[in-house]
Structures are given as C-alpha cells and as structure tokens.
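Take a look at the structure set out below.
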Ligand code: IMP
Ligand code: MG
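Numbering (this note's numbering), first residue to last: 307 to 494.
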C-alpha cells in the first residue's frame with residue numbers, strides 16, 4: 307500500500323515502518339525458538355489487534371507450536387481504557403500443563419494482560435509469558451506486570467496500523483503510525 311493512500315492521510319506521522327516491524331518480528335521469532343527449545347508452546351492470539359503480528363510471528367518460530375485464539379473487550383471505540391475486561395471468545399483448548407505465550411498488540415495500562423495472565427495461570431498452565439508488539443511504559447498502571455518480550459517501546463500517543471485500530475478502522479495499514487488527534491477528537 308502506498309503511503310499516499312487515503313487512510314494514510316489520517317496519520318500525524320509514521321512511527322514504525324513495515325521493514326522495521328519485519329526485522330524485529332524475525333528477531334523475536336529466533337529468541338522464542340531458542341528459549342523454548344525442546345518444548346511445544348501454545349501461542350495465544352488476543353483478537354483482533356494482535357492478529358497480524360501473530361500471523362507473522364508464528365512463521366518465524368521453528369518449533370512444533372500450536373495456536374489458539376481469545377477475544378476480550380477493553381476499549382470499545384474510545385481511546386481510553388474502561389478498566390473492565392470481558393472475555394468475548396474463550397480458548398478452544400485446555401491449557402493445563404502447557405507452556406503458554408500470550409501474543410498481544412500493545413501494553414498500555416497493563417490491566418488487560420494482568421487479568422489475562424492470572425486467569426490462564428488459574429487454569430493450570432505450566433508457564434505463561436507475554437509477547438507484545440508495542441509497549442507504552444509511560445502509561446502503565448499495573449506496575450508489577452512483567453512483559454517478557456517486546457518489539458518496540460513507544461511514546462504515549464494513540465497509534466494505529468499493523469493490526470491496531472481506532473473504531474475498528476486502520477488495521478490494514480502495513481506500518482504503525484500516530485493517529486491525528488483531529489480524527490478522535492471529533493468523536494469525543
Ligand atoms: P491496557 O489494558 O490498558 O493495557 O490496554 C491494552 C489494549 O488497549 C490493547 O490490546 C489495545 O486493544 C488497546 N490500546 C491501547 N493503546 C492503544 C493504541 O495506541 N492504539 C490502539 N489500541 C490501543
Ligand atoms: Mg487489543
């Protein structure tokens with residue numbers, strides 16, 4: 307997609323390019339391959355935001371992994387978290403005794419992941435690690451949340467693209483960009 311395409315016009319700037327993303331995703335795949343040597347981890351995709359990151363990441367991991375999918379709600383159409391986490395679609399398979407890697411698009415306050423981690427531990431996972439494409443550490447509320455793998459630390463700005471949305475739009479942008487505040491201010 308050309309950067310002068312229509313949906314690119316709603317961006318203030320590009321933050322991470324598709325080539326930078328591909329490089330980091332490849333590195334993360336190699337790291338996970340090493341860290342889980344001899345194991346068969348379950349990679350859990352948190353829908354919908356992590357779907358594109360997930361599909362690229364699992365193809366960079368050289369292990370007999372399995373996949374599962376979960377959907378949770380935290381944001382609605384707003385750019386601020388509601389603090390309420392609801393499971394909209396649960397995992398299909400049991401994770402008892404499994405090594406689970408939760409794959410998430412972005413860690414913001416950390417409320418979503420901290421809830422998810424304790425829920426999956428409660429179900430008897432042997433281990434749980436978190437892999438996030440983006441981390442906005444400046445906005446963290448859950449201070450003790452450990453994010454095991456992060457591709458990019460980003461500043462406190464609302465970003466879209468490569469799976470991340472605003473009101474369900476922009477997920478198909480190949481790069482990650484800062485959304486122009488004018489776009490969401492008119493909805494507030
Ligand atoms: P947390 O519970 O505050 O950490 O929220 C994490 C979720 O909020 C992510 O999975 C995203 O769905 C959403 N989110 C947080 N920041 C952004 C952003 O900059 N762009 C798009 N979605 C975001
Ligand atoms: Mg999400």
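Note that beta-carbon positions come from the ideal geometry of N, C-alpha and C, so glycine has one too.
- Boundaries of the beta strand (DSSP E) in which residue 482 is found, first to last residue: Looking at the DSSP string, the run of the beta strand (DSSP E) that includes residue 482 is 482 to 485.
- For residue 436, the nearest candidate out of 316, 418, 410, 427 (CA to CA): Of all alpha-carbon atoms in 316, 418, 410, 427, the one lying nearest the alpha-carbon of residue 436 is that of 410.
- Residues sharing a beta bridge with residue 352, DSSP: Note: residue 352 sits in a beta bridge opposite 376.
- Select from 314, 376, 345 the residue whose C-alpha is nearest the C-alpha of residue 425. Taking each of 314, 376, 345 in turn and checking the Cα distance to residue 425, the smallest one comes out for 376.
- Message: Using only CA atoms, which one of 461, 479, 486, 455 lies nearest to residue 341?
- Response: Looking at the Cα atoms, 455 is the closest of the given residues.
- Leaving aside the five residues before and after residue 335 along the sequence, list all residues of the same chain whose C-beta is less than 7 angstroms from its C-beta, in chain order. Apart from sequence neighbours up to five positions away, the residues of its chain that approach residue 335 with a beta-carbon distance below 7 angstroms are 363, 366, 367, ordered along the chain.
- Best match in 480, 448, 464, 446 for proximity to residue 323 [C-alpha to C-alpha]: Nearest option by C-alpha distance: 480.
- Message: With a threshold of 7 angstroms between beta carbons, is residue 494 in contact with chain B?
- Response: No chain B appears in the structure shown, which is made up of a single protein chain.
- Task: Would you check whether the ligand IMP has a heavy atom nearer than 6 angstroms to the C-beta of residue 412?
- Result: With a cutoff of 6 angstroms, residue 412 counts as near the ligand IMP, since its C-beta is closer than that to a heavy atom of the ligand.
- Range of the contiguous alpha helix (DSSP H) that encloses residue 421: That run of the alpha helix (DSSP H) goes 417 to 428.
- For residue 501, which of helix, strand or coil comes out of DSSP? With the chain running from 307 to 494 in the structure shown, residue 501 is simply not present.
- Item | Continuous beta strand (DSSP E) assignments of at least 3 residues falling wholly in the stretch 308 to 350 | Runs found: 317 to 322.
- Message: Please classify residue 418 as buried or exposed, where buried requires at least 16 neighbouring CB atoms within 10 angstroms.
- Response: When all chains shown are included, residue 418 counts as buried.
- Message: Restricting to Cα atoms, I'd like to know which of 391, 440, 349 is closest to residue 467.
- Response: Nearest to residue 467 by alpha-carbon distance, out of 391, 440, 349, is 440.
- Task: May I ask you to report which of helix, strand or coil DSSP gives residue 455?
- Result: Residue state, collapsed to three classes: strand.
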